[in-house]
Structures are given as C-alpha cells and as structure tokens.
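If you read the sequence shown in UniProt numbering, its first letter stands for residue 1, the second for the next number, and so on. Let me begin by presenting the structure, written as structure tokens, before commenting on it.
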Amino acid sequence: MATLEIIMTLTDENNDGVTQEDEFCHIVYICENADLRDTQSILFYAADNDYSGTIEKSELFNVSKKLGIETNELELFAMMSVLTGTQTDEQSLNYDMFQHVMDILIKRNNKQNKQYEDILIDKIQQRQHVINLKNNSVSFI
Numbered sequence: 001m002a003t004l005e006i007i008m009t010l011t012d013e014n015n016d017g018v019t020q021e022d023e024f025c026h027i028v029y030i031c032e033n034a035d036l037r038d039t040q041s042i043l044f045y046a047a048d049n050d051y052s053g054t055i056e057k058s059e060l061f062n063v064s065k066k067l068g069i070e071t072n073e074l075e076l077f078a079m080m081s082v083l084t085g086t087q088t089d090e091q092s093l094n095y096d097m098f099q100h101v102m103d104i105l106i107k108r109n110n111k112q113n114k115q116y117e118d119i120l121i122d123k124i125q126q127r128q129h130v131i132n133l134k135n136n137s138v139s140f141i
C-alpha cells in the first residue's frame with residue numbers, strides 16, 4: 001500500500017479525490033512530521049488537524065469516524081480522562097496515548113481482527129470507488 005495513497009485518503013475531507021489547498025497543507029505537515037514507514041505515526045499526524053502535535057477529543061472523534069470506528073464523544077472523553085488524569089474539555093493526547101486509545105477502539109470495533117493497514121486499505125478502496133463513479137458519471141442537461 002502506497003504511503004501517499006494513505007495520506008491522501010486520510011486528508012481528503014470531502015472525499016472528492018481532489019486535493020484542496022488546506023488538504024495539501026495537511027499533507028505537507030504529515031510528511032514533515034510523521035515517520036512515513038509507520039502507519040500509526042501517519043494516522044496521528046493526519047488526525048492532528050490543528051497542527052498542535054497533540055490530539056484533542058474532536059480530532060480523535062473525526063479520525064475514528066473516518067476509519068469507520070463506532071464511538072461517541074462521551075466514550076472518548078472517558079478514555080481521555082483516564083489517560084490524561086484530567087476531566088476537562090482541554091484534554092489532549094500525545095502520540096503514545098493516541099496509539100493506546102486507537103488500539104482499544106480498533107480491537108473493540110473490529111469483528112474481523114483487522115489491523116490499521118487493513119482498515120486503511122478498505123478506506124482507500126472505498127474512496128477510489130467514489131472517485132471512479134464521479135469520473136464515469138453522465139451529466140444530463
């Protein structure tokens with residue numbers, strides 16, 4: 001699986017297959033900061049939409065949703081509270097904490113015992129299918 005394909009799938013906010021300016025900036029941020037040989041590192045920086053180097057609850061919720069992981073903000077708040085030792089809305093996760101939470105979420109939501117890479121392959125294939133449908137659609141005027 002191509003690293004760039006993973007990054008583009010994770011940063012394509014509207015799933016249109018076209019890289020917008022803000023998506024391009026996010027791609028550059030990922031490439032500058034992530035270990036591109038490590039899918040979890042790419043996932044961390046892809047989730048970091050505000051480029052802070054930490055993951056807030058809304059960012060964690062968004063990346064979970066993008067991966068098809070069923071969760072809710074209350075559950076994420078509880079998990080983050082345990083890891084950070086705080087119960088405020090200002091919680092944020094460092095890389096190690098993020099990995100721990102994602103491992104739990106993926107194992108819990110994963111009936112086929114898929115790994116990060118398998119989930120991302122599914123998302124890439126879904127995105128490619130949508131792009132192909134858009135490219136092959138006929139316009140009636």
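Positions of the beta carbon are idealized from the N, C-alpha and C atoms, including for glycine.
CA-CA distance, residue i and residue j?
i           : j      : result
Thr19       : Ser52  : 22 Å
Asp22       : Asn33  : 17 Å
Glu73       : Ala2   : 31 Å
Val82       : Asn94  : 14 Å
Asn49       : Thr86  : 22 Å
Leu10       : Leu43  : 8 Å
Thr84       : Glu75  : 14 Å
residue 142 : Asn15  : The structure shown does not extend to residue 142, since the chain is modelled only from 1 through 141, so no value can be given for it.
His26       : Met97  : 21 Å
Thr88       : Tyr45  : 23 Å
Gln91       : Gln40  : 20 Å
Tyr29       : Thr71  : 27 Å
Gly17       : Leu105 : 27 Å
Glu13       : Leu4   : 15 Å
Are residue i and residue j close, meaning C-beta to C-beta below 9 Å?
i     : j      : result
Ala47 : Leu60  : yes
Phe77 : Lys57  : yes
Ile55 : Asn109 : no
Ile7  : Cys31  : yes
Terminal residues of the continuous alpha helix (DSSP H) containing residue i?
i      : result
Phe76  : Looking at the sequence provided, one finds Leu at residue 76 rather than Phe. Unbroken alpha helix (DSSP H) run through Leu76: 73-84.
Glu21  : 21-33
Asp103 : 95-109
Ser41  : 39-47
Glu59  : 57-66
Ile7   : 3-11
If you pair each beta-carbon of the region 57-72 with each one of the region 87-107, do three or more pairs fall below 8 Å? Three or more beta-carbon pairs drawn from the region 57-72 and the region 87-107 are found closer than 8 Å, and the two stretches are therefore classed as touching.
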